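**Q** Here it is, the structure in full.
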Amino acid sequence: MGENSNNNTQSIADYLAQLLKDKKQLAAFPNVFIHLERLLDEEISKVRSSLFQINGMKKEPLVLPDGIGPPVSRSEKVYVPVKEHPDYNFVGRILGPRGMTAKQLEQETGCKIMVRGKGSMRDKKKEDMNRGKPNWEHLNDDLHVLITVEDSSNRAEVKLQKAVDEVRKLLVPVVSFWCLFWWEQASLSRQMLSVWRWPFWQTEGEDELKKRQLMELAIINGTYRDSSTKGAGEWSLHAASTKSEKKKDKNLAAHLQA
Numbered sequence: 001m002g003e004n005s006n007n008n009t010q011s012i013a014d015y016l017a018q019l020l021k022d023k024k025q026l027a028a029f030p031n032v033f034i035h036l037e038r039l040l041d042e043e044i045s046k047v048r049s050s051l052f053q054i055n056g057m058k059k060e061p062l063v064l065p066d067g068i069g070p071p072v073s074r075s076e077k078v079y080v081p082v083k084e085h086p087d088y089n090f091v092g093r094i095l096g097p098r099g100m101t102a103k104q105l106e107q108e109t110g111c112k113i114m115v116r117g118k119g120s121m122r123d124k125k126k127e128d129m130n131r132g133k134p135n136w137e138h139l140n141d142d143l144h145v146l147i148t149v150e151d152s153s154n155r156a157e158v159k160l161q162k163a164v165d166e167v168r169k170l171l172v173p174v175v176s177f178w179c180l181f182w183w184e185q186a187s188l189s190r191q192m193l194s195v196w197r198w199p200f201w202q203t204e205g206e207d208e209l210k211k212r213q214l215m216e217l218a219i220i221n222g223t224y225r226d227s228s229t230k231g232a233g234e235w236s237l238h239a240a241s242t243k244s245e246k247k248k249d250k251n252l253a254a255h256l257q258a
């Protein structure tokens with residue numbers, strides 16, 4: 001049973017890798033095969049969803065009412081808490097490897113997801129050059145996620161609210177692999193504050209998104225291997241090795257910014 005599940009997961013991962021390769025090749029012909037691009041994106045989204053459902057990350061589909069009235073446009077900004085967390089890679093977390101996280105969110109909600117504002121561009125020199133120019137006014141605003149949708153009013157509101165809720169989940173920094181234990185030791189003239197770090201395997205509240213993005217990164221790089229042996233060839237994040245975790249984080253951050 002377990003071996004069949006692992007084989008199935010590996011097959012889906014291999015198929016997803018092939019689809020991503022096709023998409024990369026298709027990118028050499030922008031705006032030429034428009035319908036093919038759309039169909040390929042839909043297939044990638046479907047396969048990606050089935051892959052993570054197998055691994056226990058199923059999401060409930062969006063339920064929409066029948067449309068009432070003419071199409072309308074709605075938009076909302078969700079600001080990124082960069083002032084509270086200046087060193088956190090929110091842009092990479094929202095976009096994911098090759099923009100897959102944002103693309104999946106668009107498929108699930110029917111909304112357009114765009115990162116805008118200060119710090120939204122990878123090329124900082126280009127961002128500084130464009131700031132103040134026409135069509136680049138958003139660079140004067142703080143870093144935010146712009147969510148837009150077009151549909152009948154009642155359906156647009158449902159889609160927009162779903163997208164806002166999902167984006168806000170992405171904007172909550174997750175510390176999954178270290179537990180901080182603090183205590184004070186009193187002395188005659190001063191107090192000593194000690195900080196102890198203890199690695200642990202978090203079973204609840206673990207950063208599933210980070211696991212997902214690392215899995216996608218491994219699939220993109222052709223290094224993903226499922227295994228029926230526990231602990232062998234796993235892509236998931238466990239706190240077994242501090243050096244290994246830091247290396248994974250560094251590689252993921254570098255890829256997300258690429």
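No gaps in the numbering here: position 151 of the sequence shown is 151 in the UniProt record's numbering, and each next residue is one more.
Backbone N, C-alpha and C fix where the C-beta goes; we use that ideal spot for every residue, glycine too.
Keep in mind it's a predicted model, so treat the numbers as computed, not measured.
(1) Output the distance between the C-alpha atoms of E206 and K133, rounded to the nearest integer angstrom.
(2) Taking only the alpha-carbon atoms, compute the straight-line gap between L214 and P97 and give it to the nearest angstrom.
(3) Return the first residue and the last residue of the beta strand (DSSP E) that L146 is part of.
(4) Using the beta-carbon count (16 or more within 10 Å), is I44 buried or exposed?
(5) What are the boundary residues of the beta strand (DSSP E) that residue 329 is part of?
(6) What is the DSSP secondary structure of L113, counted as helix, strand or coil?
(7) Can you tell me where the beta strand (DSSP E) holding E76 begins and where it ends?
(8) Taking one C-beta from the stretch 103 to 112 and one from the stretch 150 to 166 each time, how about it: are there three or more such pairs within less than 8 Å?
(9) Using the Cβ count rule (16 or more neighbours within 10 Å means buried), how would you classify S73?
(10) Which two residues bound the contiguous alpha helix (DSSP H) that contains I219?
(11) Alpha carbons only, please: which of P173, G117, T101 and E150 is nearest the one belonging to W136?
**A** Answer, in terms of the structure:
(1) Because the pLDDT at E206 is just 44, under 50, the model does not fix this residue reliably, and the value given afterwards should be weighed accordingly. Cα to Cα, E206 sits roughly 42 Å from K133.
(2) 8 Å
(3) H144 to S152
(4) buried
(5) This structure cannot settle anything about residue 329, because the visible part of the chain is limited to 1 through 258.
(6) First, the amino acid is wrong: residue 113 is Ile here, not Leu. Three-state DSSP puts I113 in a strand.
(7) P71 to Y79
(8) yes
(9) exposed
(10) E208 to N221
(11) G117
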